[in-house]
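Written below as structure tokens is the structure these notes are about.
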Amino acid sequence: MKSEITGITRANEGIQGISWNILGQTYVPKSYAENSFSWHATLPPGTFVPPHIHPDQDEYLYMLEGKLDFMLGNSEAQATAGDLIRLGMGVPHGIFNKSEQTAKVLFWVSPSRKLFDLFWGLHNMKEQKPEDVVAMAAEFNIHFLPPPGS
Numbered sequence: 013m014k015s016e017i018t019g020i021t022r023a024n025e026g027i028q029g030i031s032w033n034i035l036g037q038t039y040v041p042k043s044y045a046e047n048s049f050s051w052h053a054t055l056p057p058g059t060f061v062p063p064h065i066h067p068d069q070d071e072y073l074y075m076l077e078g079k080l081d082f083m084l085g086n087s088e089a090q091a092t093a094g095d096l097i098r099l100g101m102g103v104p105h106g107i108f109n110k111s112e113q114t115a116k117v118l119f120w121v122s123p124s125r126k127l128f129d130l131f132w133g134l135h136n137m138k139e140q141k142p143e144d145v146v147a148m149a150a151e152f153n154i155h156f157l158p159p160p161g162s
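Following the working numbering, the numbering of the sequence shown begins with 13 at its first residue and continues without gaps.
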């Protein structure tokens, strides 16, 4: 069991100096324990997280800057700075920066499961090809959905 370590993760730092490049976005882990994993994400304009499902994790996003569009189950929504987005376990969701400004977000999941390890794996891919990202994510119990109409 991995327990939380008491301390401060500074504003512009990740735990152990870690910073990942995931699908053109920058993820900086802020905390990591068995029951919770958080990271700061910078999503440049035009980037997105394709629709997917976490079957055994709740996911949360707190919008710090910018605007994001969401696919939440069968509906669409937008969120801006100060909004909290709640993504329940097993609910399909996708995250899209369709704006012209960078979005900054604090993400966290509970429980952590293997998401920290998935991010390492994706970051370490020589090239993040969609089919390889989908296959690796499935190994860590994150399931990407087929594109609409396929």
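Glycine included, C-beta positions come from ideal geometry on N, C-alpha and C.
Short Cβ contact (8 Å threshold) for residue i with residue j
i	j	result
E71	D81	no
W132	S50	no
F92	T54	In the sequence under discussion, the amino acid at residue 92 is Thr, which differs from the Phe named in the question. It is not a contact, given that the beta carbons lie outside the stated cut-off.
V61	G102	no
P56	G29	no
K116	L73	no
Residue i: CB within 7 Å of a non-hydrogen atom of the ligand FAD
i	result
K14	With respect to the ligand FAD, the structure offers nothing, as it holds no ligand at all.
DSSP three-state assignment for residue i, whether helix, strand or coil
i	result
D81	strand
P142	helix
Q28	helix
D129	helix
H66	coil
M101	coil
L134	helix
E112	coil
Distance between beta carbons of residue j and residue i, contact taken as under 8 Å
i	j	result
G157	V145	Correcting the residue identity first, residue 157 is Leu in this sequence and not Gly. Contact doesn't hold; Cβ gap of about 13 Å is too wide.
Beta-bridge pairing of residue i - partner residues as DSSP gives them
i	result
G106	M83
F49	Y44 and V121
For residue i, the first and last residue of its enclosing beta strand (DSSP E)
i	result
F119	A115 to S122
K42	Q37 to Y44
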